[in-house]
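Only one structure is covered here, and it is reproduced in the block below.
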């Protein structure tokens, strides 16, 4: 019997090279941010640990409540910086160097095809788009991995999603994943790996793939894997430059023909309309055309889901030489300083500001109701982020809808949820 | 270990933003996080909960973010055990790693808000003292049982490294 891609990566990391129910492999990289890593460090210190097994495999990325929203947030960053210094952890990144962890770690080559990566943040599954078994864990898992380099896993079954057919020009990776979560529900892939495959996946850009893998967790998934291909390698070469070292073993990162899948779900993309997830679950997916009456107080374009350069390009293309609707605050969050600089070079930032948007520094900010764009009572937002739970972006009496950058930009112009075709 | 307390019932897909809102995540303090437990969806919960009480939920409890502040908050407000039909993956491992007792039981529909419960964690039995009914919870796989018995991941790896030496 053959193996799935997830099983292959996990087996490669065990000493027995056998598939067991539970494994305790060494991880290639583990990381946390300015809200999860402090909790890990407190556990580490409480346990009396005095050494870090592999300092080069540990990273701290300050992206959630940064630029520090208050003194407590600043103190958490100080705690990480001092810990990193004490244990010679060179991958400590403050705001000028990083940006949002799930964009940055891939940009930086900290997550690579075939890796096992754990991050104390649920959207660590983003790394699946480059063929890494990347999964979110908690702070105690991170503390233990900082200490000894290992993490325990139950080997998960895989659901294979096969995307076929010709998609409408406005359908992005975000629409595909919102549609998929709508189909299977927020626990449709609980404890399982989602593997995205089929001819449509082979044709879409890496930024679209990253948006899909990013949201695997919203269906309960442990990972959101995509077999790496020429598109992956070209992308990694382009964003990582000399840091990217291709090796032939990466070509073997494919599921076997006789691998055993928990389920295989075919999705005909020709039937998919631009999709919006309504409050308060990512699975409340509806066609954009059915939501034309929803008025918006705020639009957010960015985040670890959709803050990459192609996301900003499509938003700028729609916003160019137009004005966002008066009364609809529109905030743009480039995911990393590199994306920010590229957007500047291409003139996108100017387009955003001229159209009445505000451009923020890279941060998780409003996505989790942290800062820089919090919703008040009764307010409604459309965001290219990944969650729309009660109170996610601020007041427990606010409402968040989720969409692609194209839908978000078109909606900013109209001040209500809008199909991009309406403004094209 | 035996647990005796009152049931506080919640629905399906209770997410970690429900359990502890993200704005509080800059804290690592158990009692502060405990004082904000369930604030977004049930502001009165903190006033009703007593130390040793039991949280009951439907499917996919703890879905959403990886924040371990969620089990910390639940423990911080005095909850001794969570019983759900199913748990979201990261919450499940966080609870085991941190030593928050959890049980998976398909029959939680037969427990009502305010019911008095008697639980034997080793046996996995849940006795509803209000109705007299007894349920069995699902067994944990052996590997996880080891971590549970060690009272969390940190003590488990300490034990493991002692054994190696």
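Chains as they are written, first to last, in my numbering: chain A, 1235 to 1658; chain B, 4 to 168.
Don't be surprised by glycine CBs; every beta carbon is placed ideally from N, CA and C.
Quick caveat, the model's predicted, so the values are computed rather than measured.
Among the residues of chain A, those whose CB is under 7 Å from the CB of residue 44 (chain B) are 1624, following chain order.
Along the region 1576-1610 of chain A, the positions whose C-beta sits under 8 Å from a C-beta of chain B are 1602, 1603, 1604, read in chain order.
Closest in alpha carbon position to residue 1642 (chain A), among A:1262, A:1548, A:1593, A:1628, is A:1548.
In this structure, residue 1303 (chain A) and residue 20 (chain B) do not form a Cβ contact; the two beta carbons are roughly 18 Å apart against a cut-off of 8 Å. Residue 123 (chain B) carries a strand assignment under DSSP once its states are collapsed to helix, strand and coil. Runs of the alpha helix (DSSP H) lying entirely within the region 55-133 of chain B, each at least 4 residues long, are 72-79, 92-101 in chain order. Chain-order list of chain A residues neighbouring residue 25 (chain B): 1602, 1603, 1604, by C-beta distance under 7 Å. Ranked by how close their Cα comes to the Cα of residue 1432 (chain A), the residues A:1516, A:1394, A:1658, A:1468 have A:1394 in first place. Contact with chain B is absent for residue 1448 (chain A), since none of that chain's Cβ atoms lies less than 7 Å from the residue's Cβ.
When secondary structure is reduced to three states using DSSP, residue 1509 (chain A) falls in the strand class. Taking a contact as a CB-CB distance under 8 Å, the pair residue 1347 (chain A) and residue 1364 (chain A) counts as one, their CB atoms being some 5 Å apart. Counting along the chain, residue 31 (chain B) sits inside no beta strand (DSSP E), nor does DSSP assign it H or E at all. For residue 1241 (chain A), the enclosing alpha helix (DSSP H) begins and ends at 1239-1246. When the Cα atoms are used, residue 1376 (chain A) and residue 1479 (chain A) turn out to be separated by approximately 27 Å.
Excluding sequence positions up to five before and after residue 1652 (chain A), its CB lies within less than 8 Å of the CB of 1522, 1526, 1641, 1644, 1645, all in the same chain and listed in chain order. For the 7 Å CB-CB criterion, residue 1384 (chain A) and residue 1258 (chain A) form a contact. Note on the region 1584-1656 of chain A: whole beta strand (DSSP E) runs with a minimum of 3 residues are 1614-1617, 1633-1636, in chain order. For the region 1533-1574 of chain A, the full-length beta strand (DSSP E) segments reaching 3 residues or more read 1563-1567 along the chain.
In its chain, beyond the 5 residues on either side, 1589, 1647 have a beta carbon closer than 7 Å to the beta carbon of residue 1556 (chain A).
Under the DSSP assignment, residue 1327 (chain A) falls in the beta strand (DSSP E) whose first and last residues are 1325-1327. For residue 1545 (chain A), no Cβ of chain B is located within less than 7 Å of the residue's own Cβ.
Proximity of residue 146 (chain B) to chain A, defined by a Cβ-Cβ separation below 7 Å, is satisfied. What residue 1277 (chain A) touches in chain B, judged by beta-carbon distance under 8 Å, is 157, going in chain order. When CB distances to chain B are screened at a threshold of 9 Å, the residues of the region 1330-1363 of chain A falling below it are 1353, 1354, 1355, 1356, 1357, 1358, in chain order. In terms of Cβ geometry, residue 1245 (chain A) and residue 1251 (chain A) form a close pair [threshold 7 Å]. For residue 1288 (chain A), there is no enclosing alpha helix (DSSP H), as DSSP marks it with neither H nor E.
Cα atoms of residue 88 (chain B) and residue 105 (chain B): separation of roughly 11 Å, rounded to the nearest angstrom.
DSSP, reduced to helix, strand and coil, places residue 1425 (chain A) outside both helices and strands of the structure shown, so it counts as coil.
Between the alpha carbons of residue 162 (chain B) and residue 156 (chain B) lies a gap of roughly 10 Å. Collapsing the DSSP output to three states places residue 1385 (chain A) in coil.
B:8 is the residue among B:166, B:159, B:8 whose C-alpha sits nearest the C-alpha of residue 83 (chain B). DSSP places residue 15 (chain B) outside both helix and strand once states are collapsed to three, so it counts as coil. Straight across, the Cα-Cα distance linking residue 1283 (chain A) with residue 165 (chain B) is about 13 Å. Excluding the 5 residues flanking it on each side, residue 1313 (chain A) has same chain C-beta neighbours closer than 7 Å at 1272, 1275, in chain order. For residue 1263 (chain A), not one C-beta of chain B is nearer than 7 Å to its own C-beta. Here DSSP, grouped into helix, strand and coil, assigns residue 141 (chain B) to coil.
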